[in-house]
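*Asks:*
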Amino acid sequence: MADTMGHSATATRNTRLVVGFCLLAIAPQIFEFIWSIGTIFGWGAGRGPVAVVTSHVTALLAGAPSAIFGSFGGGTKKVSSDVLLALIYSYPLFVVAILTLFMTIRSAQDYVGGVVLMALALFALWAGSDLQGMRGFSFGAGTAPRMFGGLLVALSAGIALTGLLTDGPPMAHYSWRGPLFVVAAILFFALSIRSLGLVVTAYASFMIAAAGSHETRWLEAAIVGACLTLGCAILFPSVLGLPMPMYPRFLIQ
Amino acid sequence: MDIFANLAHGFAVAFSPINLLMCLIGALVGTLVGVLPGIGTIATVAMLLPITFGLPPVGALIMLAGIYYGAQYGGSTTSILVNIPGEATSVVTAIDGHQMAKQGRAGPALAIAAIGSFFAGCVATVLIAILGAPLTKLALAFGPAEYFSLMVLGLIFAVVLAKGSVLKAIAMIVLGLLLSMVGSDIETGASRMAFNIPELADGLGFATVAMGVFGFAEIIRNLDHGAEMNRDLVQQKITGLMPTRKDLVDSTPPILRGTVLGSILGILPGGGAVIASFAAYTLEKKLAKNPSRFGRGAIEGVAGPESANNAAAQTSFIPLLTLGIPPNAVMALMVGAMTIHGIVPGPQVMQKQPDLVWGMIASMWIGNLMLIIINLPLVGIWVRLLRVPYRLMFPSIVIFCAIGIYSVNNAPVDVILAGVFGLVGYWLIKHDFEPAPLLLGMVLGPLMEENLRRALLISRGDWSVFVTRPLSAVLLAVAVSLLVLTVLPALRAKRDEVFTESEN
């Protein structure tokens, strides 16, 4: 009884991992899609969302398979970057995801770590795929990235394998509150330092970051934040002579 | 004597009032930040890097060096008093140091740590002065092939000295090498893996990644168990700072041994200071008549590792100043600081900028002296600082880091990148990947690639150049044998033992 229960537990775990890996496999595509939504409102440059979706879907479903078979036929047609992304990045990860279905994972920490690292390496290989390779005996711009990218794929595969072959710790527990608010504070700081100036930005970011811990006492944080902001406002621009805007732009003008 | 003329010149530079002040500020600020738990040496130096931008190069580097050993000293203070090692090098100090503090002997423990560090610092300073010139000459015999092999050796050292899986450590180094390739190619100028983002065209800033992976990631990680972070602070007042005569007698041999061990290990590239303290602790335990005292407040367990890590911290300047190769992540930050001031570290610096090199070397000695004079009376203040609750400290650190990164290039994108690397670092910690080798790989990446390309260009594409040139062959052979030794089961068990011992 216990045995079957244990078995079903790993099975659900595995399917969750498989879904996760599949999402990871199309993460760059999803990211570009989200990014492209901005172009509707005129932010940023790039392709519109519709173009992104159609291009990636055709690349994933049609372009890449035909490129694979085309290569058997000796075709040297130039493939588009979307097709390359599907070929270099997405397909290998889909393969890993499918393989995961049939594996017993003995150390999820290592296995997942290895696979995600492999995804990073594959992504780097794709990102460097447009660079020039060896020219005679001299290195091109793309030689070293490809060398190290390939090495990292091999190493991460090794790490994933150790996760299958040896017992080790399961996935660590992630908390969401700390990372969320700390990153939110950093983002807020980055996005508003230019327009709102140091004083407002530093204080607001302090309060956002303070929300990351459940032990925060708000009155105390408000006072300390004010003191810290004052200190920074004196220290950085005046004492250390680092140029940065102090007050919101709209107040000065 | 050339050496002493050089040293005298250095002292003349370092004793100028402005440089003395820089040294003092550096040591004080370094200790201050180093004492705060949850910020290691690397994060401290990365965080305080921007405050040196406005200074002249000599003053800036003197201050940074001061920050560096101030942070180290602060780290040992926290490990003795609260059992939270501020950084990896003082992990072993915590074992016996904190036990001593619990027995009410925090004063002698701190004093011995300071005295040991000072003595080691003195020896290391002389060593740098003696070895500097000949090693610079050796560096001139280095061609690209030798440089490449030396860096491979350094990276392998980093792997051997990293905790946990060898495979993971190598993977981290390679990831660091890959990250270092983002941006413009040195030779062709082609934009690599930059996705047309203008801010990435110059590559990922080293300080940005360091701050993300070490600063932000640590904060996020600490918040995970923020409430449970049990700081069993030594509450009783620290009395009797001075060690007894018996303490001094007991700790003299360990200090001497630690200094020698640390000096040797520090010169080797690849994070010498950490392993130096581990090695010194193991050595003392092996040599002791009664090893069971270790872990229960043996003063030798404080004296040995503390002198070793300080000696190593200082001798690790040798490869940086003579060969231009940073042996560890902090030195890599130093390279960053030097480049910002327009100085390219390497054999030329010694000849072209004697003020800088010898001034810095002399200031190390002065800095160590300052630490011992200033910090022992200030211990009480440092202890009070430890009572600042983390809930107030972490938002402050976040803001400080953010301002620091922003001020490097006045680029908001850098701050976002650091945030991203904070998440990456958090993920790495969760999956038991060590971030230090990543950083080292990232720093050595451009140097390695450049030398590899140059070596192959000179040899007309012949890879055997790395084994046919004798110096390079020796270096590579050492690297390979080290790697093999590490993977061998017997030694591996030994290595794991050293690391687990330090955790308990």
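Chains as they are written, first to last, in the numbering used here: chain P, 1 to 253; chain U, 1001 to 1504.
Beta carbons are placed, not taken as given, at the ideal position from N, Cα and C, and that holds for glycine.
(1) Classify D988 (chain U): buried if its beta carbon has 16 or more other beta carbons within 10 angstroms, exposed otherwise.
(2) Output yes if chain P places a C-beta closer than 8 Å to the C-beta of E1449 (chain U); else output no.
(3) Between G113 (chain P) and chain U, is any beta-carbon pair separated by less than 8 Å?
(4) Where does S1464 (chain U) fall in DSSP's three states?
(5) Would you tell me roughly how many angstroms separate the C-alpha atoms of P1134 (chain U) and I1361 (chain U), rounded to the nearest one?
(6) How many angstroms separate the CA atom of A1402 (chain U) from the CA atom of L101 (chain P)?
(7) With 8 Å set as the bound, which would you pick, yes or no: does the beta-carbon of P248 (chain P) sit closer than that to a beta-carbon of chain U?
(8) Going by DSSP, name the residue or residues bridged to S138 (chain P).
(9) Just to confirm, are Y203 (chain P) and G225 (chain P) a CB contact at a threshold of 8 Å?
(10) Strictly by DSSP, which residues pair up with L1304 (chain U)?
(11) Using the beta-carbon of each residue, which ones in chain U are nearer than 7 Å to F137 (chain P)?
(12) Using DSSP with H/G/I as helix, E/B as strand and the rest coil, what is G1183 (chain U)?
(13) With a CB to CB cut of under 8 Å and the five nearest residues on each side skipped, what residues in its chain are close to E1228 (chain U)?
(14) Measure how close the beta-carbons of L1283 (chain U) and G1304 (chain U) come, nearest whole angstrom, since I'm counting them as under 8 Å.
(15) Out of curiosity, what's the CA-to-CA distance linking R1391 (chain U) and T1188 (chain U)?
(16) Cβ of R194 (chain P) less than 8 Å from any chain U Cβ?
(17) Once you ignore the five residues that flank D1096 (chain U) on each side, which residues in its own chain have a CB closer than 6 Å to its CB?
(18) Have a look at I1220 (chain U) and G178 (chain P) and give me their C-alpha separation to the nearest angstrom.
(19) By the three-class DSSP mapping on this structure, what secondary structure does R1192 (chain U) have?
(20) With a floor of 4 residues, list each alpha helix (DSSP H) that falls wholly inside the segment 1302–1342 of chain U, ordered by position along the chain.
(21) Alpha carbon to alpha carbon, how far is S1292 (chain U) from K1285 (chain U)?
(22) For R1469 (chain U), which residues in the same chain have their Cβ closer than 6 Å to its Cβ, ignoring the five residues on either side in sequence?
(23) Give the DSSP-derived three-state secondary structure of H1009 (chain U) in the structure shown.
(24) Is the CB-CB distance between F206 (chain P) and I1399 (chain U) below 8 Å?
(25) Exposed or buried, which one is L61 (chain P) when buried takes at least 16 other CB atoms within 10 Å?
(26) Please name the residue, chosen from U:K1246, U:T1315, U:A1113, U:V1166, that lies closest to L1483 (chain U) on a Cα-to-Cα basis.
(27) May I have the straight-line CA-CA distance separating C232 (chain P) from T1244 (chain U), to the nearest angstrom?
(28) Could you pull the start and end residues of the alpha helix (DSSP H) that D1224 (chain U) belongs to?
(29) Is it the case that the segment 1467–1481 of chain U contacts the segment 1350–1361 of chain U, given that we only count it when at least three CB pairs across the two stretches are under 8 Å?
(30) State the Cα-Cα distance for the pair K1246 (chain U) and L187 (chain P), rounded to the nearest angstrom.
(31) In the DSSP assignment, the alpha helix (DSSP H) including H1098 (chain U) goes from what residue to what residue?
(32) Please list, in chain order, the chain P residues whose beta carbon lies closer than 7 Å to that of K1168 (chain U).
(33) Return helix, strand or coil for N1410 (chain U), following the three-state DSSP convention.
(34) Just the chain P side, please: which residues come within less than 8 Å of S1396 (chain U) by C-beta, in chain order?
(35) Would you report the Cα separation of V200 (chain P) and M1393 (chain U), rounded to the nearest angstrom?
(36) Determine whether the Cβ of I186 (chain P) lies closer than 8 Å to any Cβ atom of chain U.
*Replies:* In short:
(1) Outside the shown range of chain U (1001 to 1504) lies residue 988 (chain U), about which nothing can therefore be said.
(2) Counting from one through the second sequence, the residue named residue 1449 (chain U) turns up at place 449. Closer than 8 Å: yes.
(3) Taking the first sequence and counting its residues from 1, the one referred to as residue 113 (chain P) is at position 113. It does: the Cβ of G113 (chain P) has a partner Cβ on chain U nearer than 8 Å.
(4) The residue you call residue 1464 (chain U) lines up with position 464 of the second sequence. Of the three classes helix, strand and coil, the one that applies to S1464 (chain U) here is coil, per DSSP.
(5) Here residue 1134 (chain U) refers to the residue found at position 134 when the second sequence is read from its first residue. Here residue 1361 (chain U) refers to the residue found at position 361 when the second sequence is read from its first residue. P1134 (chain U) and I1361 (chain U): Cα-Cα distance of roughly 16 Å.
(6) Within the second sequence, residue 1402 (chain U) is the residue found at index 402, counting from 1. Within the first sequence, residue 101 (chain P) is the residue found at index 101, counting from 1. Their Cα atoms are separated by approximately 42 Å.
(7) Taking the first residue of the first sequence as 1, we reach residue 248 (chain P) at position 248. It does not; no Cβ of chain U falls within 8 Å.
(8) By 1-based counting over the first sequence, the position of residue 138 (chain P) is 138. In the DSSP output, where bridge partners are listed per residue, S138 (chain P) has P:R135.
(9) Reading the first sequence from its first residue, position 203 is the one you call residue 203 (chain P). Reading the first sequence from its first residue, position 225 is the one you call residue 225 (chain P). For Y203 (chain P) and G225 (chain P), yes; Cβs fall inside 8 Å.
(10) If you number the second sequence from 1, residue 1304 (chain U) lands on position 304. The identity of residue 1304 (chain U) in the sequence shown is Gly, whereas the question assumes Leu. DSSP output for G1304 (chain U) lists no bridge partner at all.
(11) Translated into the one-based positions of the first sequence, residue 137 (chain P) becomes position 137. L1456, R1460, G1461, listed in chain order.
(12) Translated into positions along the second sequence, residue 1183 (chain U) becomes position 183. Three-state result, G1183 (chain U): strand.
(13) For the purposes of this step, residue 1228 (chain U) is taken as residue 228 along the second sequence, with counting starting at 1. A caution first: E1228 (chain U) carries a pLDDT of 46, below 50, which makes its placement in the model unreliable, though a value can still be read off. If we look at E1228 (chain U) and ignore the five residues flanking it on each side, it has no Cβ neighbours.
(14) The sequence position of residue 1283 (chain U) within the second sequence is 283, counting from 1. The sequence position of residue 1304 (chain U) within the second sequence is 304, counting from 1. Between G1304 (chain U) and L1283 (chain U) the Cβ distance is about 7 Å, and since that is below 8 Å, they are a contact.
(15) Translated into the one-based positions of the second sequence, residue 1391 (chain U) becomes position 391. Translated into the one-based positions of the second sequence, residue 1188 (chain U) becomes position 188. When rounded, the distance between both Cα atoms is 49 Å.
(16) Here residue 194 (chain P) refers to the residue found at position 194 of the first sequence. Closer than 8 Å to some Cβ of chain U, the Cβ of R194 (chain P) qualifies, so yes.
(17) As a position in the second sequence, residue 1096 (chain U) is number 96, starting the count at 1. Closer than 6 Å at Cβ, skipping near neighbours: G1297, A1298, G1301, V1302.
(18) The sequence position of residue 1220 (chain U) within the second sequence is 220, counting from 1. The sequence position of residue 178 (chain P) within the first sequence is 178, counting from 1. Their Cα atoms are separated by approximately 6 Å.
(19) Along the second sequence, read from residue 1 onward, the residue named residue 1192 (chain U) stands at position 192. DSSP places R1192 (chain U) in strand when its eight states are reduced to three.
(20) 1317–1323, 1329–1340
(21) As a position in the second sequence, residue 1292 (chain U) is number 292, starting the count at 1. As a position in the second sequence, residue 1285 (chain U) is number 285, starting the count at 1. Approximately 9 Å, taken between the alpha carbons.
(22) Taking the second sequence and counting its residues from 1, the one referred to as residue 1469 (chain U) is at position 469. Closer than 6 Å at the Cβ level, and outside the excluded window around R1469 (chain U), lie A1145.
(23) Against the second sequence, residue 1009 (chain U) aligns to sequence position 9. In the structure shown, H1009 (chain U) sits in a helix (DSSP, three-state: H, G or I).
(24) The count along the first sequence starts at 1 and reaches residue 206 (chain P) at position 206. The count along the second sequence starts at 1 and reaches residue 1399 (chain U) at position 399. Yes, they are a contact pair.
(25) Mapped onto the first sequence, residue 61 (chain P) falls at position 61. L61 (chain P) is exposed by the Cβ-count criterion.
(26) Counted from its first residue, the second sequence places residue 1483 (chain U) at position 483. Comparing Cα positions, the closest option is U:V1166.
(27) As a working note, residue 232 (chain P) is residue 232 in the first sequence. As a working note, residue 1244 (chain U) is residue 244 in the second sequence. Straight-line Cα distance between these residues: approximately 44 Å.
(28) Here residue 1224 (chain U) corresponds to residue number 224 of the second sequence, with the count starting at 1. Counting along the chain, the alpha helix (DSSP H) containing D1224 (chain U) begins and ends at 1217–1224.
(29) no
(30) By 1-based counting over the second sequence, the position of residue 1246 (chain U) is 246. By 1-based counting over the first sequence, the position of residue 187 (chain P) is 187. Rounded to whole angstroms, K1246 (chain U) to L187 (chain P) spans 56 Å at the Cα level.
(31) What you label residue 1098 (chain U) is simply residue 98 of the second sequence in a count that begins at 1. Per DSSP, H1098 (chain U) belongs to the alpha helix (DSSP H) from 1091–1102.
(32) Here residue 1168 (chain U) corresponds to residue number 168 of the second sequence, with the count starting at 1. Near K1168 (chain U) (Cβ distances below 7 Å), the residues of chain P are I159.
(33) In the second sequence, the residue the question calls residue 1410 (chain U) occupies position 410. Coil at N1410 (chain U), not helix or strand.
(34) Stepping through the second sequence from its first residue, residue 1396 (chain U) is reached at position 396. By Cβ distance, chain P contributes F206, V224, L228.
(35) By 1-based counting over the first sequence, the position of residue 200 (chain P) is 200. By 1-based counting over the second sequence, the position of residue 1393 (chain U) is 393. Cα to Cα, the separation comes out at about 19 Å.
(36) Here residue 186 (chain P) refers to the residue found at position 186 when the first sequence is read from its first residue. It does; some Cβ of chain U falls within 8 Å.
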